[in-house]
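Asks: Structure in structure tokens, see below.
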Amino acid sequence: MTQPTQKIRVLLKAFDHRVLDQSAGQIVETAERTGARVSGPVPLPTAIKRFCVLRAPHIDKDSREHFEIRTHN
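Pasting the structure below:
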């Protein structure tokens, strides 16, 4: 009888891509040390959330600031 195959899929998210790459490298290294078959890491698209905020508290709706949060997958 053959042993059933088990799969694991890990999805990492971070605001800093360097931390994400370092963590993915450590996970792959640990999996390879245990003798597991590794495919990946597969880069996923970066999710970008943009926010538009009024600069002045009362008037001047034409004056706005834009902020964004990038979530690396």
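In numbering that gives the first Met the number 0, the protein residues as written are 0 to 72. Even glycine gets a Cβ: it sits at the ideal position worked out from N, Cα and C.
Report the option in K48, V41, Q25 whose CA atom is closest to the CA atom of R69.
Replies: K48
Asks: Which same chain residues end up closer than 7 Å to V52 when comparing Cβ atoms and leaving out the 5 residues on each side of it in sequence?
Replies: R63, E64, F66
Asks: DSSP three-state label for H57, please.
Replies: coil
Asks: Assign T29 to one of three DSSP states: helix, strand, or coil.
Replies: In the three-state scheme derived from DSSP, where H, G and I count as helix and E and B as strand, T29 is classed as helix.
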